[in-house]
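All the letters of the sequence shown, read from the start, carry residue numbers 21 to 193 under my numbering.
The block underneath contains the structure these notes are about, expressed in structure tokens.
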Amino acid sequence: MSTDPNEKTITPVATLSALPLKSFSRGESYASADNRVADAIGLTQIGATYSEVPPGKSGCPYHVHHGVDEMFVILEGQGRYRFGGATYEVQAGDVLGAPHGRAEFAHKLTNTGATPLKYLAISSVATNDVLEYPDSGKLMAVSDFGTDAEGFHFIGRANSACGYWDDEPDSAD
């Protein structure tokens with residue numbers, strides 16, 4: 021047994037219904053209550069978040085990750101999965117994929133039922149990631165993604181790009 025006071029105690033079993041949920045809402049379209057269950061059971065190389073989304077809401081905007089694959093396991097409820105140019109009606113028992121890397125893999129899950137949509141979002145882990153938001157034309161670059169660490173976080177628009185050498189001092193000086 022370790023005597024290191026910084027060593028994390030791992031509990032390898034979590035009951036989803038007993039996890040404390042962190043709630044958020046934004047405007048009329050977005051709301052969710054979540055728990056990063058992977059953290060609760062000591063995982064560091066696989067991400068997993070348990071989410072409950074109220075009727076008529078989505079947990080996040082239409083987006084695609086450039087460094088993280090995602091999979092959603094629908095546990096309860098029903099919804100609409102927008103993936104690329106298609107939409108899919110989903111329900112308990114369905115498994116949804118969201119590969120990384122291309123705009124046509126952008127995705128969004130919306131609760132279309134009368135009860136909370138409950139699902140497990142499972143992902144690969146990448147410390148750094150770039151996300152595209154095709155509906156709004158935004159990009160997000162992050163380090164320490166999915167952690168509580170204070171890393172780099174930038175959100176901007178692709179149409180406000182600048183050149184690599186813009187505003188840099190002359191390197192010949």
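Even glycine gets a Cβ: it sits at the ideal position worked out from N, Cα and C.
Item	Value
Near residue 81, which residues of its chain fall below 6 Å by C-beta distance, leaving aside the five closest residues on each side in sequence?	153
If you measure between the beta carbons of residue 104 and residue 126, is that distance less than 8 Å?	yes
Where do the N-terminal and C-terminal ends of the alpha helix (DSSP H) with residue 58 fall, by residue?	57-60
Looking at residue 52 and residue 73, is the spacing between their C-beta atoms short of 8 Å?	yes
Between the beta-carbon of residue 88 and the beta-carbon of residue 149, is there less than 8 Å?	yes
Cutting at 6 Å between CB atoms, please list the residues of its own chain near residue 144, excluding the five before and the five after it.	88, 89
Between residue 70 and residue 36, which are expected to be in contact by the criterion C-beta below 8 Å, what is the C-beta distance as a whole number of angstroms?	5 Å
If you check the beta carbons only, do residue 139 and residue 92 fall under 8 Å apart?	yes
Could you check what DSSP says for residue 174 in three-state terms: helix, strand or coil?	strand
With DSSP run on the structure shown, which of helix, strand or coil describes residue 179?	helix
Among 95, 96, 120, 129, whose alpha-carbon lies nearest the alpha-carbon of residue 108?	129
Can you tell me the Cα-Cα spacing of residue 97 and residue 132, whole angstroms?	8 Å
Starting from residue 138 and walking both ways along the beta strand (DSSP E), at which residues does that stretch end?	137-144
Which word fits residue 45, buried or exposed, when buried means at least 16 other C-beta atoms lie within 10 angstroms of its C-beta?	exposed
Between the C-alpha atoms of residue 161 and residue 173, what's the straight-line distance to the nearest angstrom?	6 Å
To the nearest angstrom, report how far apart residue 193 and residue 124 are at their CA atoms.	Unreliable positioning characterises residue 193 in this predicted model, as indicated by a pLDDT of 45, which lies under 50. A coordinate reading is not provided.
With distances taken Cα to Cα, identify the nearest neighbour of residue 120 among 141, 40, 77, 86.	86
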